[in-house]
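Here the structure is laid out as structure tokens; the discussion comes afterwards.
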Amino acid sequence: MKASTALLSLSAVVPAAVAQDFSGSGQIYLVNGSSFTTATPDLTIGCLDATGAFSEFDCATFTKLDTYPNTLSSSVGNCSFTDATQPTNADSPYGGRSYAWHCRPDYAASVSDSLYTVKGFNYPFLCHGDINCYYDVKNLPTDSVNTPVWEYLWGAQQASIPTGHTQVLWLWQKTE
Numbered sequence: 010m011k012a013s014t015a016l017l018s019l020s021a022v023v024p025a026a027v028a029q030d031f032s033g034s035g036q037i038y039l040v041n042g043s044s045f046t047t048a049t050p051d052l053t054i055g056c057l058d059a060t061g062a063f064s065e066f067d068c069a070t071f072t073k074l075d076t077y078p079n080t081l082s083s084s085v086g087n088c089s090f091t092d093a094t095q096p097t098n099a100d101s102p103y104g105g106r107s108y109a110w111h112c113r114p115d116y117a118a119s120v121s122d123s124l125y126t127v128k129g130f131n132y133p134f135l136c137h138g139d140i141n142c143y144y145d146v147k148n149l150p151t152d153s154v155n156t157p158v159w160e161y162l163w164g165a166q167q168a169s170i171p172t173g174h175t176q177v178l179w180l181w182q183k184t185e
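Heads up: take any position in the sequence shown, counting from 1, add 9, and you land on the working numbering.
Here it is as structure tokens:
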């Protein structure tokens, strides 16, 4: 089932300002949007697969550790933005330091890999770092090709998402 179809039912039953229950296991959906105040599940364009890549259909289940460092893992392993084996975001002036999110069995998660939600959001959007709740994708996935997802970085040299990229939010849908 396509990720956006699966979430349409969520948007119909989830009222505004839902409880931010980011615990246990769930799936991460990518919502096309540049504002967490107007983004809704019906703007979903895909999900994350077990390796941490952006997928159109292959939605993995992630588990949040309930002990320090409270990070996420998939069936593949722990997940991080610091895996130097992953591609950098070459289209961003800050992208040389930005690796794609990736899950692998030999990675020891640290507190810098923690994700969280913000009380008051209409939906449980996942943030990381210093209230960074947006992510950057260059290509939309196809049926058989998944694509990298980077943290969204901005500053004096880049005030918005790189040209040709899509700004997304990560929406947590708890499964257990």
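Note that CB positions come from ideal geometry on N, CA and C, so glycine has one too.
Host beta strand (DSSP E) of L149 (start-end) = Careful: L149 lies outside any beta strand (DSSP E) and carries neither H nor E.
Cβ atoms of L124 and L81: under 9 Å apart, would you say?
-> yes
If we count Cβ pairs, one from each stretch, closer than 8 Å, do we get three or more for the region 90-106 versus the region 62-74?
-> Three or more beta-carbon pairs separated by less than 8 Å are not found between the region 90-106 and the region 62-74, which leaves the two stretches without contact.
At what residues does the beta strand (DSSP E) containing L135 begin and finish?
-> F134 to H137
Which whole runs of the beta strand (DSSP E) in the region 52-131 are 3 residues long or more, in chain order?
-> 53-57, 71-73, 87-89 and 111-113
Inter-residue Cα distance where the pair is I170 and N148 = 13 Å
Decide if the region 88-100 is in contact with the region 109-120; the criterion is three or more beta carbon pairs, one per stretch, under 8 Å apart.
-> yes
Of the listed residues Q176, P150, D139 and N131, nearest to V120 (C-alpha basis) | V120 has its Cα closest to that of D139, out of Q176, P150, D139 and N131.
Report the rounded CA-to-CA distance for N87 versus K73, giving the unit in angstroms.
-> 10 Å
Report the rounded CA-to-CA distance for A59 versus S83, giving the unit in angstroms.
-> 5 Å
C-alpha gap between Y77 and S32, whole angstroms | One Cα belongs to Y77, the other to S32, and the distance between them is close to 13 Å.
Environment of Q182 [buried if 16+ CB atoms lie within 10 Å] | buried
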